[in-house]
Every structure is written in C-alpha cells, then in structure tokens.
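S.K.: I am attaching a structure below and will ask some questions about it afterwards.
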Amino acid sequence: MAYAISDECISCGACEAECPVGAISEGDGKYVIDADACTECGACAGVCPVGAPAQA
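Each number in our numbering comes from the position in the sequence shown (counting from 1) with 1072 added on.
If you want it as structure tokens, here you go:
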C-alpha cells in the first residue's frame, strides 16, 4: 500500500525533497502523497522528524 502523511505533519518539506519519484507535494496545512505515484520505498518515512508518513 502507498504511504500517506498523517496530521502530525509539521510541513517541513524533508519528505518532498527525499521522494525519488516526486509523489509528495505541499497540500493545505500538510504535505500529501499521490498514492498512484508512490512506489512504497519508505524514503519519506526515513527522513520525517515527526514520523508523519506511514503505509496506508
């Protein structure tokens, strides 16, 4: 399953820069992951300081 970003997101942008396929973009108050583009690599989860990205 694709990753999703929870409401714990602090909008720091670390995950967006780390995504190898560009599936992460800034949303309304938090970053969002395009589930169709996500390759489930987990790079976003590895760099998030608050653990917001998780497999949906």
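Each residue gets a CB set at the ideal place from its N, CA and C atoms; glycine is no exception.
#1: Taking the alpha-carbon of Cys1073 as reference, which of Asp1106, Val1119 and Gly1099 has the nearest alpha-carbon?
#2: Would you kindly report the start and end of the unbroken beta strand (DSSP E) that includes Ala1076?
#3: Which class does Glu1080 belong to by DSSP, given the choice of helix, strand or coil?
#4: Give the DSSP-derived three-state secondary structure of Val1122 in the structure shown.
#5: Ser1097 to Cys1113, Cα distance in whole Å?
M.R.: On the basis of the data shown:
#1: The residue you asked about is not Cys; residue 1073 is Met in the sequence shown. Met1073 has its Cα closest to that of Asp1106, out of Asp1106, Val1119 and Gly1099.
#2: Tyr1075 to Ile1077
#3: coil
#4: coil
#5: 16 Å
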